Amino acid sequence: MNEQRAIARASRTSGIRDLLRQYECGPIQLTGTNNALYERHLMFDNVVDPAVVGPRERFEAIARSVRDILSQRWLHTEQAYQNHNPKRVYYLSMEFLIGRSLANTIMNLMLDQAVRQCVDRNGHDWLALLEQEPDAGLGNGGLGRLAACFLDSMATMQLPAMGYGLRYEYGIFRQSISDGWQHEEADHWLRRPDPWEVARPQEQVEVRLGCSFEVRSGSLAVIPGEPSSLLGIPYDRPVVGYGGRTVNTLRLWAAAAPEVFDFHAFSAGDFVGALAERLTAESLTRVLYPDDSTSRGKGLRFVQEYFLVACSLADLVRRFRRDNSDWHALPGKIAIQLNDTHPSLAVAELMRILLDEAHLGWDEAWDLTRQTLAYTNHTLLPEALEKWPLRWFEVLLPRHLDIILKINHHLLEEVRARYPGDAGRAERISLVEEGGVRRIRMANLAIVGSHSTNGVAAIHSKLLRTKTVKDLADMFPDRFSNKTNGVTPRRWIRLANPALADIITQAIGDGWITDLAEMEKLRPLADDAGFREAIRRAKRDAKSQFADWLKSGSGVAVDPATIFDSQVKRIHEYKRQLLNGLRVVVLYNRLRENPDLEIAPRTFFFAGKAAPAYNLAKLIIKFLNNLAGTIDGDPAVRGRLKVVFLPEYCVSLAERLIPASDVSNQISTAGYEASGTSNMKFMMNGALTLGTRDGATIEMAEAAGEDNFFLFGLTAEQVIGSQGWYDPRWHYDNEPETRAALDLIFSDHFSRYEPGLFGPLRDVLLTHGDHYRHLADLTSYLDADQRLIKLYADQEGWARKVILNIAASGRFSSDRTIAEYASEIWDVRPCPVP
């Protein structure tokens, strides 16, 4: 096995060297001679004297030089797929949270040393150059980051695959904090040219809609019954597998109008109306996640989802038909994975193509559609299982509505034949939700129209089958499976935490980079004092580096000698940042009551964005910031407790904070988190988990041993079982620390100049039933916290558990997850690129 890995590594390295030799600059000239790629791009791309260009131009020159180097492998990859005509994976996702690309691409190409020599030779600040690249605004949270990890794994494993998404001009928003409140600003990440993308206008796709649009009173209005078209313009980004042998593609669609300018309307003085088509089209891919608190926002989201599906399916069918004449070969050549409910319209769109363009019969088309499509569910929250008004289909997609209603007719016939007289079951399974406003249930459509539905953690998959879509799972039991999520160790250890990566490689070799199961070899080293000290040293260095970066960028000073205790994720009630805040208030109260109390100094980090219309989540951010300000201003606790809310949480921030963290809070209400992936990143980087038995945290604790985790709180079964009798006031009346913490909050101690500000938190926790069981789990959380602090006092014992966690993290590589998808859902095999 070791010999095979050595051969593979040598092959990857020699492949890059051979590739470099095809360029005049070569590996040596890349370091800065006049003919080097870097110098050429620096001068000719900007037509500026290299002596006067700024750091942004230098970043672009390096990025384009790297892209030059990978371009031939990119072409060879696509040529290999065309020559071998393998079955290919097409991954459809509304989000791809890829982060910055430069350092990751250099790492995967194994060009670290050559590029750094080029940078050093020219006297550039490497970290400053990296900061010139914005985080791509193509995703918001775990869904998009998972998609990015999956693309990395598919390329590394040499699977013939392609990602499809939308080219949002603006990300969800850029978060700033003012007076403790979240403020949203435009995230124009494409303000400057993106050196990674390649426009392919010659491969544009026409998307037809059943209505058109016009400008009325400054707003776009729908004109039913007048069909119109949009154009999808593809922009390709390279996805480099580790070692550079395979370079797959992420194709992003930008919307454009067939006629961008009405000359006659403009000449007549209707200057805005002349651009109506262009405004309509460009608005479609302008922003990730338009505010869905309004009907117009929801409608834009609906059209975005269809645009993604229509463009992607037209493109992949075009590829299929280029090499295959028989439509019945479709499932043998194409696997389409729907990443959550957003691309569910692929069911109706593929049926439309097979019926109206391939002219197949209904039964043939339905069989091919189901065999080709597979669906991943990422949520148990009913509100996240999208349901679109049937009226929208009538206006925008009438043909698709015809198809969906016919699918539903056959489905209900099957339900009634299998379960005669069970009208309730038929109503729950139906693709159409009846009521005041008839809606199409998109999750039901995805399940019925695909051959596979998977959850993303064992508990999530179980609850999906037994609770969320139980009737559909009972009807189609063989379609349901679990595929626990994973993250790529290339970005989340080797790139984000090079000191830890070097220690691991020195101990067990570098095979772990592409086979994270190798981490098990670290388990015996938990008893090695020298290795424990090396792990502690890497953590201390990461904390110091993070503290320096935070101070230089924001002026916030934190002490790296304190325990770094982190919770970073989207702000939502079920993720329970509020519970974490209550824990801090209890600890604060303890110190106020007993200033001599021995307590390990702590720094609590929070980060995450609240949806613009999610007022309670935004109030939680305000509470955390007010809590931070009050603690900073209290001399009795200053230096012993500190709370920091880090604005604008993104991949780049996570790459700095996660390696520096000692404690990972994974405290969602049991039964609500589908999987989580930040939990895995923290585990790999040596943070110990303080968490509930929810999502993939359960499996992580099983892998490492529960005695190496700090678990607390109700189980999912207990949460469900308590729904009829749970009363949060019992905890208020019977738990003194709970009562004292709430009384302090509601006495305006943390809002002295804003009386009554946190009244809505009282309503959530006490008046309205504490739906997410904050108070039920608070005492258990504090007990687990005490166990954690006791262990931290024993640094040898702490380091031992850290090593055992890192050693057990191998199962949570996205490579393992993708291997399971490939063998158990897609039936796809590697296609090596010569």
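Position 749 (the sequence shown) corresponds to 771 in our numbering; numbering is contiguous. Backbone N, C-alpha and C fix where the C-beta goes; we use that ideal spot for every residue, glycine too. Fair warning: this is a prediction, and the values are worked out from it, not measured in the lab.
Each residue's CA atom was taken as its position, placing Asp805 and Thr363 some 38 Å apart.
Out of Leu367, Trp410 and Ser452, the CA that lies nearest to the CA of Arg318 is found in Trp410. Under the three-state reduction of DSSP output, Lys597 falls in the helix class.
The three-state secondary structure of Met184, taken from DSSP, is strand. In the displayed model, Tyr803 falls within a helix according to three-state DSSP.
Gln197 sits in a strand when the DSSP states are folded into three classes. Leaving aside the five residues that flank Ile128 on each side, the residues in its chain whose CB is nearer than 7 Å to its CB run, in chain order, Val88, Asp134 and Val137. The stretch 556-563 and the stretch 804-824 touch, with no fewer than 3 CB-CB distances between them shorter than 8 Å. Of all C-beta pairs linking the stretch 386-393 to the stretch 364-374, three or more are shorter than 8 Å, placing the two stretches in contact. Thr316 and Asp524 have their C-alpha atoms roughly 50 Å apart. Within the model, the alpha-carbon separation for Leu494 versus Cys233 is close to 34 Å.
Secondary-structure assignment with DSSP links Ala243 through a beta bridge to Glu236.
The continuous stretches of beta strand (DSSP E) do not include Ser831, and DSSP gives it neither H nor E.
In this structure, the beta-carbon distance from His482 to Leu601 does not fall below 8 Å. In the DSSP annotation of this structure, the continuous segment of the beta strand (DSSP E) that includes Pro411 starts and ends at Lys409 to Pro411. A straight-line Cα-Cα distance of about 8 Å links Gly159 and Leu212.
When DSSP states are grouped into helix, strand and coil, Ala221 belongs to the strand group.
Taking the C-beta atoms as reference points, Ala539 is found no nearer than 8 Å to Thr506. Its Cα nearest to that of Ile621, the residue Leu613 stands out among Phe628, Leu613 and Phe627. DSSP places Glu207 inside the beta strand (DSSP E), whose first and last residues are Trp203 to Glu207.
The DSSP-derived three-state label of Trp747 is coil. Counting of Cβ neighbours within 10 angstroms places Gln599 among the buried residues, the total reaching 16 or more. A straight-line Cα-Cα distance of about 21 Å links Ser347 and Met184. Using a Cβ distance threshold of 8 Å, Leu710 and Asp807 do not count as a contacting pair. Phe329 and Val229 do touch by the CB rule: their CB atoms are close to 6 Å apart, below 8 Å. Shown here, Asn162 sits in coil according to DSSP, grouped into three states, outside any helix or strand.
Its Cα nearest to that of Gln393, the residue His350 stands out among Ala125, Phe568 and His350. Annotated three-state conformation of Gly533 is helix, per DSSP.
A straight-line Cα-Cα distance of about 16 Å links Gly735 and Gly603.
Asp684: not part of any beta strand (DSSP E); DSSP gives it neither H nor E. Put simply, of Phe626, Leu675 and Val590 the residue whose alpha carbon is nearest the alpha carbon of Gly651 is Phe626. Note that the C-beta distance between Phe667 and Asn637 is not below 8 Å. Between Asn430 and Asp587, the beta carbon gap of about 50 Å keeps them out of contact (Cβ cut-off 8 Å). Judged by DSSP in its simplified three-state form, Leu360 adopts strand. Within the same chain, Asp345 come within 6 Å of Asn107 by CB-CB distance, once the 5 residues on both sides are set aside. A straight-line Cα-Cα distance of about 6 Å links Arg592 and Ala632.
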